[in-house]
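**Q**
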Amino acid sequence: MKILIKNGIILNANKSEQADILISEYKIKKVAKNIKPENSYHIIDANGKFIIPGGIDPHVHMQLPTPAGPSSDDFFSGSRAALFGGTTTIIDFVTPSRGQSMCDALDERILEAKKSLTNYSFHISPVEWRNSTESEITECLKRGFNSFKVYLAYKDAVGLTDEEFENVLKTVGKTGGLVTIHCEDGDKVEVLRNKFVSEGLITPEYHAKSRPAEFEAAAVKKSIDLAAKYNCPIYIVHVSSALSLTHIKDAQQKGQAVFAETCPHYLFLEDSKYIGEFKNTAAYVMSPPLRKKADQEALWEAIKTRTVKTIGTDHCPFNLAQKAVGIDDFRKIPNGAGGVEHRMALLYTYGVLENRISLNEWVDICSTQAAKIFGLSQKGSITVGKDADIVIWNPDYENTISVKNHYQKCDLEIFEGFKTKGLAEIVIRNGEIVVEDGELIVSNNTGKIILR
Ligand code: URP
Ligand code: ZN
Ligand code: ZN
192 MKILIKNGII LNANKSEQAD ILISEYKIKK VAKNIKPENS YHIIDANGKF IIPGGIDPHV
252 HMQLPTPAGP SSDDFFSGSR AALFGGTTTI IDFVTPSRGQ SMCDALDERI LEAKKSLTNY
312 SFHISPVEWR NSTESEITEC LKRGFNSFKV YLAYKDAVGL TDEEFENVLK TVGKTGGLVT
372 IHCEDGDKVE VLRNKFVSEG LITPEYHAKS RPAEFEAAAV KKSIDLAAKY NCPIYIVHVS
432 SALSLTHIKD AQQKGQAVFA ETCPHYLFLE DSKYIGEFKN TAAYVMSPPL RKKADQEALW
492 EAIKTRTVKT IGTDHCPFNL AQKAVGIDDF RKIPNGAGGV EHRMALLYTY GVLENRISLN
552 EWVDICSTQA AKIFGLSQKG SITVGKDADI VIWNPDYENT ISVKNHYQKC DLEIFEGFKT
612 KGLAEIVIRN GEIVVEDGEL IVSNNTGKII LR
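Residue numbers are given in this note's numbering: position 174 of the sequence shown equals residue 365, and the series is strictly consecutive.
In structure tokens, the structure reads:
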């Protein structure tokens, strides 16, 4: 079916224009004023609406395995929530078990992701260094997966030693690709959290206290220095603190390839959320933890000055019963919270409408930059020849985020009560309408795997 979108305002990262868009066979075929309708076209009148490239969330964890059970959204429910929020592509993770090859783990993850309604790709995690790791990295690159995620925290599960981390940077520095990094000094975190628990300090408040901004910033600095040594481009995920930003900015000013992402929860929520009863505080147990007002301001400033290029959500929700595994020991609370559904509306409401960012910057941080950084060359802008992943955004719609009305499969909602404006009223993915007037109109028709 050919779709003609008329009368809307097209927002790209570099410009806004009033024009029509013709879509045919997955692609944007034409962008021009007054495209003449033909009988066979499905016509959408977008008068008064913004037309934006489908959101790209470069950081989600659907059905992430943890000792408390998998994160509560699987690829179907999580991607459905993403579509309702205007996100048409997600990048999730392949996390092998120690001893398992990354390529085998990739095959398994591809099967799990087949039910995704959005398009999807993966970052692949070396969780150890084996004789075969270098050739596995090369194989992943050949297969179209060019970003490798390492954890400097979670030492007992997926975290790398310094030597292993260095090996990854050295290798990707040679082979090409990008290393994405969870930056927290995992050894120091272990010492502090064990000390708190031994003193009987077991509540979520001490989760946050055991992961101070200094530990994050130290890991950021170490990553930057090692990446410079091996000439390896890096992408720091979920940057939460002002201190980390100073190191990132310094490196960028020296011309080093260092990209940074932050998440909506670090922009909109503060560490006061950890004070109170377990049932009200456990939802905010995530790593890094929520920070201070001053960190939020520094993050907004860094978005404005492009030190931070992308907003990922780190979507990783858990139900209260899963969080409750750690009611007597915060170390057992599964880390993470949902966000994929509300990213675009939160950034529109509290970014654009509060004059922190322009409409074009909103598109840039929610879609275009992720496409550029991660090699999604067919996505991230409304241009002839690009994939037709398009959102028709109704700027007047009002919502109050709540566990009662969200689509993500979780009985917790960290943005509960936040008022938002804007709705992904029509979502077109791969040239097909998949959401219309708040209704999902796609059933078995899933997204595509994206090779990068
Ligand atoms: O708390 C978090 N961030 N959970 C998800 C895993 C990760 O560290 O990104
Ligand atoms: Zn992380
Ligand atoms: Zn994550």
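From the three backbone atoms N, C-alpha and C, an ideal C-beta is built for every residue, glycine too.
Hey, K224 and V575: beta-carbon distance below 8 Å or not?
**A** Cβ distance not < 8 Å, so K224 and V575 don't count as in contact.
**Q** What is the DSSP secondary structure of A562, reduced to helix, strand or coil?
**A** Helix, per DSSP.
**Q** Given a threshold of 16 other Cβ atoms within 10 Å of its Cβ, counted over all protein chains shown, does T504 qualify as buried or as exposed?
**A** With 16 or more other Cβ atoms within 10 Å, it is buried.
**Q** Quick one: give me the first and last residue of the beta strand (DSSP E) that A223 is part of.
**A** That run of the beta strand (DSSP E) goes 218-223.
**Q** Compare the Cα-Cα distances from R547 to each of R271, G571, I494 and report the closest residue.
**A** Comparing Cα positions, the closest option is I494.
**Q** What residues in its chain sit with their C-beta under 7 Å from that of E303, if we drop five residues either side in the sequence?
**A** Cβ within range, chain order: Q254, F266.
**Q** How should R534 be labelled, buried or exposed, when 16 other C-beta atoms within 10 angstroms of its C-beta is the threshold for buried?
**A** Its Cβ being crowded by 16 or more others within 10 Å, R534 is buried.
**Q** Please state the DSSP three-state secondary structure of P508.
**A** Coil, per DSSP.
**Q** Taking 7 Å as the cut-off, is the C-beta of C601 nearer than that to any heavy atom in ligand 3?
**A** No - ligand 3 has no heavy atom lying nearer than 7 Å to the Cβ of C601.
**Q** Mind checking who E452 pairs with in its DSSP beta bridge?
**A** DSSP, once it has assigned bridges, lists T501 as partnering E452.
**Q** Is it right to say N205 is buried, meaning 16 or more other beta carbons lie within 10 angstroms of its own, or is it exposed?
**A** So N205 ends up on the exposed side.
**Q** I think R402 touches E375, with their Cβ atoms under 8 Å apart; what is that distance to the nearest whole Å?
**A** 6 Å between Cβ atoms; contact.
**Q** For P244, name the three-state secondary structure that DSSP assigns.
**A** Correct three-state label for P244: strand.
**Q** For N310, which beta-bridge partners are listed by DSSP?
**A** DSSP lists T280 as partners of N310.
**Q** Quick check: is the beta carbon of H398 nearer than 8 Å to any beta carbon in chain D?
**A** Note that chain D does not occur in the displayed structure, where there is just one protein chain.
**Q** Of the choices V554, L434, K610, I632, whose alpha-carbon is the least far from that of G245?
**A** Checked all of V554, L434, K610, I632; the closest Cα to G245 is V554.
**Q** Let me confirm a value: L642 is counted as buried when at least 16 other C-beta atoms fall within 10 Å, else exposed. Which label applies?
**A** Exposed, by the Cβ-count rule.
**Q** Is V428 near ligand 4 - that is, is its Cβ less than 7 Å away from at least one heavy atom of it?
**A** Ligand 4 is not part of the structure shown, which contains ligand 1, ligand 2 and ligand 3 as its ligands.
**Q** Which class does P395 belong to by DSSP, given the choice of helix, strand or coil?
**A** Note: P395 maps to helix in three-state DSSP.
**Q** Note the first and the last residue of the continuous beta strand (DSSP E) segment covering H373.
**A** Note, H373: beta strand (DSSP E), 369-373.
**Q** From I393 to D520, what distance separates their C-alpha atoms?
**A** Rounded to the nearest angstrom, the two C-alpha atoms are 5 Å apart.
**Q** Using the three-state DSSP reduction, which class does E468 fall into: helix, strand or coil?
**A** Correct three-state label for E468: coil.
**Q** Quick check: Q599 and D211, are their CB atoms within less than 8 Å of each other?
**A** Not a contact, by the Cβ cut-off of 8 Å.
**Q** Quick check on this structure: which residue in G290, C423, K484 has the alpha carbon closest to the alpha carbon of F459?
**A** Of G290, C423, K484, the residue nearest in Cα terms is K484.
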